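Asker: Sequential numbering from 16 applies to the sequence shown in this note's numbering. Ideal Cβ placement from N, Cα and C applies to all residues, glycine included. Here the structure is a predicted model, which is why all the values come from computation and not from measurement. Handing you this structure, nothing more for now.
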Amino acid sequence: MLTIAYSVFQGNVGTAYRQRAQLLVFYFIFVAVGFVLLQEKREEKKRQKLIERRELATQQAATVGRSQISR
Numbered sequence: 016m017l018t019i020a021y022s023v024f025q026g027n028v029g030t031a032y033r034q035r036a037q038l039l040v041f042y043f044i045f046v047a048v049g050f051v052l053l054q055e056k057r058e059e060k061k062r063q064k065l066i067e068r069r070e071l072a073t074q075q076a077a078t079v080g081r082s083q084i085s086r
């Protein structure tokens with residue numbers, strides 16, 4: 016929406032190019048939101064891998080414990 020407003024008010028490409036710094040602030044807001052979402056997704060994957068590793072280790076420990084008891 017803001018980009019459309021600027022395109023109406025800026026008469027030519029040179030003026031729009033010089034005024035680009037005003038728009039970058041608004042674009043960085045969207046970049047920041049995307050960056051945070053990407054980080055959260057990565058953290059969730061790490062958390063899931065850690066949970067899976069713990070469950071696997073628990074299952075293996077239980078299996079080893081059972082095999083030692085039956086001997």
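(1) Measuring CB to CB, does S87 end up less than 9 Å from A31?
(2) Could you give the C-beta distance for T18 and L38, rounded to a whole number, given that I count them as a contact under 8 Å?
(3) In chain order, which continuous runs of the alpha helix (DSSP H) of length 4 or greater are located wholly inside the stretch 32-85?
Answerer: Let's see:
(1) Lying before the first or after the last residue shown, residue 87 is absent from the chain, which here runs from 16 to 86.
(2) Along the sequence shown, one-based indexing puts residue 18 at 3. Along the sequence shown, one-based indexing puts residue 38 at 23. Contact flag correct, Cβ pair sits at about 7 Å.
(3) 35-84
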